[in-house]
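What follows is a set of notes on a single structure, which appears directly below.
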Amino acid sequence: MPRTPREPRRPLRAYLADVIDDVHDLWSALSAIALSETKSAAIRVGIALGLFLVALSAIGFALLFLSLAAWWGLGLLIGNAWSGLIIGVAWILIVAGLIVAGIALLKRLRGFPETSQALREVAAGLRGNAAPEGTTAPSEGGDE
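See the structure below:
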């Protein structure tokens, strides 16, 4: 029976170089995913903040003039001091409601789902129990 030629033996440092290259490629891919998601989120947040600032400056003037008109109108009925107090308390209640709504919105924010999923798959692969595509590997007590 003819002998097949053996593959030449590679030194350990060649295998180590392959592993380092693979880890580098994996890290580069994960970094690219995280950078892409971060840039996308930052652009959307920047545009939204710009729109909010323009809207806030415009509505600030409108609310100032409406408040002065309401203060003056109520002042004709119950006096300027009481009408000023009523308008001030109304504004405090409005601001409190907006703060509560803002806190609720911040609590619903999510992280970067694609990056989190990729990191879960890498961790599962390193542990030797790779998760099938589209599922998550069990995490060890961490949240997203």
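Numbering (the numbering used here), first residue to last: 307 to 450.
Each residue gets a CB set at the ideal place from its N, CA and C atoms; glycine is no exception.
Keep in mind the model is a prediction, meaning the values are calculated, not measured.
Since I believe residue j is in contact with residue i (beta carbons under 8 Å), could you give me their beta-carbon distance rounded to a whole number of angstroms?
| i | j | result |
| --- | --- | --- |
| Ala258 | Leu318 | Any answer about residue 258 is impossible in this case: the structure gives the chain only from 307 up to 450. |
| Ile393 | Ala376 | 6 Å |
| Leu332 | Val428 | 7 Å |
| Leu380 | Ser389 | 3 Å |
| Ile365 | Glu420 | So it is not a contact: roughly 36 Å between Cβ atoms. |
| Glu343 | Phe418 | 4 Å |
Can you tell me whether residue i is helix, strand or coil according to DSSP?
| i | result |
| --- | --- |
| Gly366 | helix |
| Thr419 | Reading off the sequence, residue 419 comes out as Pro, not Thr. It is helical. |
| Glu343 | helix |
| Asn435 | coil |
| Gly356 | helix |
| Gly394 | helix |
| Thr319 | The sequence given here has Arg at residue 319, not Thr. Three-state DSSP puts Arg319 in a helix. |
| Gly381 | helix |
| Glu427 | helix |
| Arg350 | helix |
Use the C-beta contact count for residue i: other C-beta atoms within 10 angstroms, 16 or more gives buried, fewer gives exposed.
| i | result |
| --- | --- |
| Ser363 | exposed |
| Ser422 | buried |
| Gly447 | Since pLDDT at Gly447 reaches only 47, below the 50 mark, its modelled position is unreliable, and the value read off the structure follows with that caveat. The residue in question, Gly447, is exposed, as its Cβ has fewer than 16 Cβ neighbours within 10 Å. |
Legend entry - Meets three-Cβ-pair contact criterion under 8 Å: the segment 386 to 402 and the segment 369 to 377: Result yes; three or more Cβ-Cβ pairs closer than 8 Å.
Legend entry - Contact the segment 407 to 422 vs the segment 318 to 331: 3+ CB pairs below 8 Å: no
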